[in-house]
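Student: Protein chains in written order, with the numbering used here: chain A, 10 to 237; chain B, 221 to 508; chain C, 2 to 40; chain D, 306 to 534.
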Amino acid sequence: MSAAPSGITLATLTKDVRLEWRSKDAINSMLFFALLVVVVFSFSFDPVAEESRQIAGGLVWVAFLFAAVVALNQTWARELRNQVLDAYRVSPAPANSLFLAKAMGNFLFVGVLEALMTPLFVVFYKLRVLGPAWQLLPVAILGTWAIVVNGTFFAAMSLRTRSREIMLPLLLFPITIPALLSMVEATTTILVGDPSTSAKFWIVLLATYDVVFTTGCLALFETVLHAE
Amino acid sequence: MKKAFPILGLLTAGLLSYALYEGLVVAPKEQTMGEVQRIFYYHVPSAWTAFLLFFINFLASVQYLVRRDPKTDKIANWVVITIGVLTCVAPYAIPSLVPAGARASSIATTGVALVGLYFLIKKFFSEQETDMLALTTAEVGVVFCTVVLVTGPLWARPVWGIWWTWDVRLTSTLVLWLIYVSYLVLRRFSSSGQTPVLAAALAVFGALDVPLVYFSIWFFRTQHPQPVIGGGGSIDPRMLHVLLINWLAFLCFAFLVCWSRYRLERMKREVEETQALEALLEPRSALR
Amino acid sequence: MTYLYVAYAATWAIHIAYLITVVRRYSRLKQEVEQMHKK
Amino acid sequence: MNDPNAAHTEAEAIIAVANLVKQFGRFAALRGVSASFHASRMYGILGDNGAGKTTLLRILAGLVPPTRGEVTILGKNNPREVCREFGYMAHPSLLYDEMSGMENLRYFACLYGLEDARCADIIAAVGLDPGLQRPVGQYSQGMRQRMSLARALLNDPKILLLDEPFSNVDIRSAREMVKLLARMRNGGKTIFVVTHQASLLDGTADEFVWMDSGQIINRTPDLKFMETA
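1) Once you ignore the five residues that flank V326/D on each side, which residues in its own chain have a CB closer than 6 Å to its CB?
2) Along the chain, where does the beta strand (DSSP E) that runs through N523/D open and close?
3) Taking 8 Å as the limit between beta carbons, can you name the residues of its chain near L231/B, skipping five residues before and five after?
4) Once you ignore the five residues that flank W154/A on each side, which residues in its own chain have a CB closer than 7 Å to its CB?
5) List, in chain order, every chain D residue whose beta-carbon is nearer than 7 Å to that of E237/A.
6) Buried or exposed: P315/B, going by 16 or more other Cβ atoms within 10 Å of its Cβ?
7) Which whole runs of the alpha helix (DSSP H) in the stretch 263-333 of chain B are 4 residues long or more, in chain order?
8) Could you pull the start and end residues of the beta strand (DSSP E) that T3/C belongs to?
9) State the Cα-Cα distance for the pair M407/D and Y284/B, rounded to the nearest angstrom.
10) Measuring alpha carbon to alpha carbon, tell me which of N82/A, V201/A and I156/A ends up nearest A183/A.
11) For I199/A, collect the residues of the same chain with a Cβ closer than 6 Å to its Cβ; drop the 5 residues on either side in sequence, then sort them by chain order.
12) At what residue ranges does the stretch 130-214 of chain A contain a whole run of the beta strand (DSSP E), taking only runs of 3 or more?
13) Mapping DSSP to helix, strand and coil, what is Q450/D?
14) If contact means a Cβ-Cβ distance below 8 Å, which residues of the stretch 465-482 of chain D contact chain A?
15) When the Cα atoms are used, what is the spatial distance from D434/D to W85/A?
16) Please list the partners that A544/D has in chain B, where partner means a Cβ-to-Cβ separation under 8 Å.
17) Going along chain B, which residues have a C-beta under 9 Å from H16/C?
18) When the Cα atoms are used, what is the spatial distance from T472/D to T500/D?
19) Which bits of chain B does V326/D rub up against, with CB to CB less than 8 Å?
20) Excluding the 5 residues preceding and the 5 following A311/D in the sequence, name in chain order all residues of the same chain whose CB lies nearer than 6 Å to its CB.
21) Per the DSSP calculation, E375/D is bridged to which residue(s)?
22) Check K24/A in the structure and name its three-state DSSP category.
23) In angstroms with no decimal places, state the Cα-to-Cα distance between G152/A and D351/B.
24) Could one say the Cβ of T360/D lies closer than 9 Å to chain B's Cβ atoms, at least one of them?
25) Answer with buried or exposed for A10/C, where buried requires no fewer than 16 other C-beta atoms within 10 angstroms of its C-beta.
26) Using the three-state DSSP reduction, which class does K401/D fall into: helix, strand or coil?
27) Measuring straight from C-alpha to C-alpha, what distance separates L361/D and F435/B?
28) To the nearest angstrom, report how far apart V221/A and V395/B are at their CA atoms.
29) Using a cut-off of 7 Å between C-beta atoms, extract the partners of P183/A located in chain B.
30) For D219/A, name the three-state secondary structure that DSSP assigns.
31) Taking only three categories from DSSP, how would you classify T314/D?
32) Closest Cβ-Cβ distance between R336/D and chain B: below 9 Å?
33) Is the beta carbon of V498/D sitting closer than 9 Å to the one on L485/D?
34) Under 8 Å, CB to CB, which of the residues in the stretch 416-433 of chain B have a partner in chain A?
35) So L404/B packs on A358/B, CB below 8 Å; how close in whole Å?
36) Is E35/C close to chain B, meaning its C-beta is less than 9 Å from at least one C-beta of that chain?
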């Protein structure tokens, strides 16, 4: 009888978070990278307040996407260093527990990055939300999960390819286009606050995207993990 | 069997030239757009052929993943049958489900086509061959998709003065093209022996993504209306007739290209197989 | 008007280019098979 | 959990491999290996680099699918189904460098659903101090090998697959590890040791399996074969 899968997921997650907290090198470099992305974006786009509200949605999410990709590339770094993945693969622990733990770990990690980047964006672009601000929360959560769940899956997939770092964005970006479009459009609609349009459709689409791809990942991760 | 290929080749060439003649001369001139509207007879058939090829790729990839284990294979059979039955029954039982343009019968036929195609592939292709079929249809599909993405702007430019419009169909084709190019890139870069499994998983993901791409861009368009390629609504029956001829011609052409690419792939794998066997037999003196 | 012919020509240019790559891969494979038979 | 192999008498082979072939592209790592192995035996697997020792071990552990051939372990033909009974040790330590030995084992114990007390006993059994707080990354190579061995022994597996467990370990600790493995073998475990230091196992291992360029060329009870090779 192996431990309950959720127990394993929790143990793996706490292990990852503890290691992340202990070494902190990855998180610091990532935070600095996120800051750089925001500043570079702010230099290249410096619109008047009204215009910035139109394009801020796109800027914010593209910046988050790039920061997330760099973080996702590190997902399996620790497992590869001493081939610890083999120890996990030999054990009776289910593959999906590992996947969920890694995805949630990434979700927290990217969430922290976003939490840092958002205030900077608000400051640099003098943003004020005109529409229903509370809707931004579901958009952020569903959107980040959409990037992270596929990112973790494709990071595991690109372990088996030659040029690993470039492979992940190549696989991730085309598949994430509908989610990215939904996030950007929802955020822009909320920022602009035009009463005639509502972000509800986009939030529903994001939710469907998350459900479809989370099930897809859980169904196929075992095959990809053991595809040596 | 060997001589069937050149005969089919000639037939297809004849059909293609006939279709070209129909498209350029016989078909009536469109009032508003004039001659340039004839690009329609290459643009739309290429798109339909590309979607069909990607659909076959999806079915072949699902089969490759499913047939590895007899249990999941049986489950998949039943799932496909239920989907087929549903698409036949649902539009008649719940008329509201049928979207505006489509008729209930067309949904039913696609349902039957899905089930038929799935079991056709299952019968004719062994497990390893489905992987080859998936690669072939993906590659030829990308070629047809490139054609669509080239003829699209060439059509939009004279009619609306812009090279690219974020039209629902054109943009979906672009995203589809990106997904399947990343599929081909994964196949080339993957160094592990399990490349087919990874590629099949990505193909399934890509196919799951298609409806989401379509709906997201469709809603995006309703908020920012833009000119629509090929115009919606009904078209002149004579034009439809020419369109179908062209599509038939392109289907035959696609079939031939797929067939030759498939033979190339099979030959490549046979060569690799024999080289592997040779490596198996002669002792490895190199390492002494 | 020329866009029409450019579009048709482009279509066939793409198809023929792809067919050429297929044929080239095919001949390279043929040579490899010959070498193997000779060995 | 009924123990499927309780009925296995000592005579019956618990691992059987039939014309196993593994090819990485054109490189043939295994060229048709057929063998059977019995319970509570220690097998020394010897051979040059590239003889296919590691590949054979990874196939037995279920980490690598064979290109052709059959693997039957404890009555099942898919190693994944009996992975609870495996202990696997490889060249790399398979441990997290930033965590201490105890933390590593506690995490792996959770994967197998074992309590923490087990970890302390195992660490003591391999002759290390359970209370050591230093991260594994700062261990000496010998200590890291012992901790990796502890991880492999954690779930009290029936089958131990050890890939070069003594590499750059000092003689004294290597001998101790051999004694520990001997005790485990007498306790009923089947142990495979891939090594280049065959002399360490002389007199302890029941059988030596000689491999060369992907095939088993000989199986001898002792190291006599070495002189003639």
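Beta carbons: idealized from backbone N, C-alpha and C, even for Gly.
Tutor: Quick answer:
1) L335, G337, T372, R373 and G374
2) Q520 to T525
3) C472
4) F116 and D219
5) L368 and V369
6) exposed
7) 290-313
8) Run containing T3/C: none in the beta strand (DSSP E); it sits in the alpha helix (DSSP H), T3 to K39.
9) 43 Å
10) Checking the sequence, you will find Pro at residue 183/A rather than Ala. Among N82/A, V201/A and I156/A, the Cα nearest to that of P183/A is on I156/A.
11) G140, Q144, L145 and A208
12) none
13) helix
14) none
15) 30 Å
16) Because chain D here runs from 306 to 534, residue 544/D falls outside it and cannot be looked at.
17) V363, F364, V367, F473 and V477
18) Position check: residue 472/D holds Ser in this sequence, whereas Thr was assumed. Their backbone Cα atoms lie some 8 Å apart in a straight line.
19) L500
20) Low local confidence applies: a pLDDT of 46 at A311/D is under 50, so the model's placement there is unreliable, with the coordinate-based value given in what follows. Correct list: empty, nothing qualifies.
21) A323/D
22) helix
23) 33 Å
24) no
25) exposed
26) Per the sequence shown, residue 401/D should be read as Tyr rather than Lys. Coil.
27) 50 Å
28) 18 Å
29) V395, L398, I399 and S402
30) helix
31) Only weak support exists for where T314/D lies, its pLDDT of 47 falling under 50; the value from the coordinates is given anyway. T314/D: coil per DSSP, three-state reduction.
32) yes
33) no
34) V417, L418, A421, L422, V424, F425, G426, L428, D429, L432 and V433
35) 6 Å
36) no
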